[in-house]
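In terms of my numbering, the sequence shown opens at residue 12 and continues consecutively.
For glycine and all other residues, C-beta sits at the position ideal for the given N, C-alpha and C.
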Amino acid sequence: MTIYRFRVLNSAIAILLFFLVTAMAGAQILPAMIYGDSMPERATALVEGVDPGYCMAGWTKSYGVGTPGFSNILVIKTDPLGVPLWSRVSLGDKDDEAYSMVRTSDQCYTITGWTKSYGIGIPNKNIFVLKLDASGNPVWGWVYGGELDDEAYSIIETIDNGYAVTGFTHSFGPPPYPNILVMKLGPQGMLQWAKVYWVFPDHNQDEGYAIIQTPDTGYAVVGRTKISGSTFFDPFVLKIDQLGNTQWVKIMLGEIDKDEGYSVALDLQSNILAAGFTRSWGTNPGNAADMFVAQFGMNGVPFWSRTYGWTEGDEMVLDDRSLTATSDGGSAVCGPTTSRGPGIPNPNFLILKLDPAGMPMWGRSHPSPYDPGLLSDVPLPMIQEQNGGYAIAGWTNSFPYLGGTDDFHLLTLDQNGDRPVCVEPQDPEMQETNWEPCEMVDTAFSVVIDSLKLEPVEVSYHPICQESTAVHEKTRVLPKVQSLQMQVTGDRIELNLSHAAFVTVKLFARDGRQVALLASKQFDAGKHELMLPADIASGVYLVRASANRVNVRAKVVRF
12 MTIYRFRVLN SAIAILLFFL VTAMAGAQIL PAMIYGDSMP ERATALVEGV DPGYCMAGWT
72 KSYGVGTPGF SNILVIKTDP LGVPLWSRVS LGDKDDEAYS MVRTSDQCYT ITGWTKSYGI
132 GIPNKNIFVL KLDASGNPVW GWVYGGELDD EAYSIIETID NGYAVTGFTH SFGPPPYPNI
192 LVMKLGPQGM LQWAKVYWVF PDHNQDEGYA IIQTPDTGYA VVGRTKISGS TFFDPFVLKI
252 DQLGNTQWVK IMLGEIDKDE GYSVALDLQS NILAAGFTRS WGTNPGNAAD MFVAQFGMNG
312 VPFWSRTYGW TEGDEMVLDD RSLTATSDGG SAVCGPTTSR GPGIPNPNFL ILKLDPAGMP
372 MWGRSHPSPY DPGLLSDVPL PMIQEQNGGY AIAGWTNSFP YLGGTDDFHL LTLDQNGDRP
432 VCVEPQDPEM QETNWEPCEM VDTAFSVVID SLKLEPVEVS YHPICQESTA VHEKTRVLPK
492 VQSLQMQVTG DRIELNLSHA AFVTVKLFAR DGRQVALLAS KQFDAGKHEL MLPADIASGV
552 YLVRASANRV NVRAKVVRF
């Protein structure tokens, strides 16, 4: 199957992709794409594009200096079909990773994360904040930190056109480390104030993972804390004023197992929403994790707090933007599930739509048995688009078109959580949780500032979740633009090669196990026929053919 590169994409392929995706979704375009190469890439940030399309950020071990031994920041901007328009990669000689991004009011993209290549104290981690214009050109980039590890995981634009960043630090505040960190920056990235926060008096480890600005011009921070003497983390919500002074703190005490907070949002009623996961509450305490979402008033009063999941496996929220407020006054949340979907106990996407009271309206998992992801599929950030639909980014190693390791993954759904293929309805169980007051103290600190920049890079990509498939006597024929084609009819597999090549054909069970090696030899150009094993049991199988980094596959149902 062709690996498309955006710089050499010709108009015929672009038109083919446009009509393929548009036909799948009717009037609404719903791309599902992967991006990457032979080494791992993971998308950890997503915003709707300045022009129509999407912008993703994360890290790569395929592109840039020092790979695959070290990671680099990777930013990809696409059109509405998910086809890359431009990409940027960092130049550092050590690990550099992006974790959060905001689209700014002046139609740019500002990104944060951490770097081991720039700043004071390297190769320890320093925080970076980097601004790109709508075309991916650097506007400015700064690095902030101390002598030890300092990490950022969430950024927002503030009402004064500056920025607020949260994460944690091993350089500032009292030991034991880390401490929660919040930095307020001006429009050009210059530091206006910076504070650290820790639980008092039982301080042990405190980490910030998500931040929003509240209507009173203050901020809400969500993260995790490990109180002195405790074995496990607990999630917290920290409310601070516009200068970073602590106003109130709430904590979910579990005591049975780990419970962690990773995401925050502000709903249409100006309530604070927090999300994460818990192994102390929910459907199977102490044995499995459930997602949680909680709602708080501006004064810290909890209105409701619920878990969502199943007893069999784990459902988690892992990113600062996995939780998003929706235009109907409710919210939507995403995370990996190991309870539902193909290939479990490997993770799949889980997306839940909640009403304003936290009651589920619909749930979806991805991939589906129609086009099964047999390995890991992990969702991280999610946005609601202007058209009311949803876009989710993360990573997958289930679709081997680009080399078989972790790839950036973009999935889009309509306003009802649907798309023509690759999602299944889900209905999780729900439980209640409790939150309690907690105390934190804060102190100011200052950082040393350095600079950072990115350069252009070509990124490979491939569509997934196309509508055609092979089910018993029905035939899947892949598009003719490819040099390796495969057609499955009943038990017969027909290969068509445009050139002679060494071809491997494997048969996989739905859970990802290899059932049979059907071929592994040199084939001449032209048509070749193989047969499925006569002794395989009834069920769903995946046939995958590979030749010179070109991969095609088809699903087969044996009745």
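Residues sharing a beta bridge with residue i, DSSP
i           : result
residue 355 : According to DSSP, residue 355 bridges with nothing at all.
residue 83  : 71
residue 105 : For residue 105, which the question treats as bridged, DSSP gives no partner whatsoever.
residue 4   : The requested residue 4 does not occur in the structure, where the chain is confined to residues 12 to 570.
residue 143 : 120, 149
residue 237 : 216
residue 395 : 401
residue 59  : 65
residue 410 : In DSSP, residue 410 forms no bridge with anything.
residue 550 : 569
residue 390 : 405
residue 421 : 44, 404
residue 537 : 508
residue 374 : 363
residue 379 : The partner list for residue 379 (beta bridge, DSSP) is empty, contrary to what the question assumes.
Near the ligand SAM: residue i beta-carbon under 7 Å from a heavy atom
i           : result
residue 413 : Looking for the ligand SAM in the displayed structure turns up nothing, as the structure carries no ligands at all.
Outcome for residue i when other beta-carbon atoms lying within 10 angstroms are tallied against a minimum of 16
i           : result
residue 186 : exposed
residue 109 : buried
residue 305 : buried
residue 443 : exposed
residue 35  : The pLDDT assigned to residue 35 is 41, lower than 50, so where the model puts this residue is not dependable; a value taken from the coordinates is nonetheless given after this. Buried is the call here.
residue 271 : buried
residue 538 : exposed
residue 509 : exposed
residue 12  : Low confidence applies to residue 12: its pLDDT is 38, below 50, so where it sits in the model is not reliable enough to give any reading.
residue 535 : exposed
residue 162 : buried
residue 106 : buried
residue 312 : exposed
residue 474 : buried
residue 170 : exposed
residue 453 : buried
residue 556 : buried
residue 484 : Here the model assigns residue 484 a pLDDT of 27, short of 50, so the residue's position is not dependable, and the following value carries that caveat. The residue in question, residue 484, is exposed, as its Cβ has fewer than 16 Cβ neighbours within 10 Å.
residue 88  : buried
residue 513 : exposed
residue 532 : exposed
Given residue i as reference, the closest of the options once Cα atoms are compared
i           : options            : result
residue 549 : 520, 555, 558      : 520
residue 155 : 167, 459, 198, 358 : 459
residue 566 : 497, 546, 508      : 497
residue 224 : 201, 172, 268, 218 : 172
residue 69  : 532, 390, 318, 434 : 390
residue 301 : 320, 315, 309, 316 : 320
residue 165 : 203, 152, 218      : 218
residue 397 : 170, 91, 184, 182  : 91
residue 52  : 40, 71, 66, 64     : 71
residue 214 : 240, 222, 205, 230 : 240
residue 73  : 377, 88, 64, 99    : 99
residue 643 : 132, 66, 151       : Any question about residue 643 goes unanswered here, given that the chain covers just 12 to 570.
residue 233 : 242, 408, 178, 280 : 178
residue 358 : 399, 329, 342, 526 : 329
residue 39  : 103, 129, 430, 353 : 430
residue 354 : 531, 377, 344      : 377
residue 413 : 49, 83, 221        : 49
residue 273 : 298, 340, 471, 244 : 244
residue 258 : 290, 208, 276, 291 : 208
residue 132 : 181, 93, 124       : 181
residue 544 : 533, 531, 526      : 526
residue 81  : 406, 262, 102      : 102
residue 361 : 476, 345, 230      : 345
residue 517 : 540, 501, 564      : 564
Write down every uninterrupted run of the alpha helix (DSSP H) in the region 302 to 370 whose length is 4 residues or greater and which is fully enclosed by it, in chain order. none
Residue ranges of each beta strand (DSSP E) run of no fewer than 3 residues wholly in the region 155 to 233, ordered along the chain? 161 to 168, 174 to 180, 190 to 196, 202 to 210, 216 to 224
Would you check if there are 3 or more beta carbon pairs closer than 8 Å linking the region 76 to 84 to the region 55 to 65? no
Could you check whether the region 240 to 256 touches the region 187 to 198, counting it as contact only if at least three pairs of C-beta atoms, one from each stretch, sit closer than 8 Å? yes
Is it the case that the region 272 to 287 contacts the region 331 to 347, given that we only count it when at least three CB pairs across the two stretches are under 8 Å? yes
Is it a yes or a no for the region 118 to 126 touching the region 438 to 454, going by three-plus beta-carbon pairs under 8 Å? no
Identify every run of the beta strand (DSSP E) within the region 431 to 474, keeping only runs that are complete inside it and at least 3 residues long; order them along the chain. 440 to 443, 447 to 449, 451 to 455, 459 to 462, 465 to 467, 471 to 474
Would you call the region 368 to 376 and the region 427 to 443 touching, i.e. three or more CB-CB distances under 8 Å? yes
contact_flag[the region 301 to 317, the region 136 to 143] where n(CB pairs < 8 Å) is 3 or more: no
Mind pulling the alpha helix (DSSP H) runs of 4 or more residues that sit fully within the region 237 to 309? none
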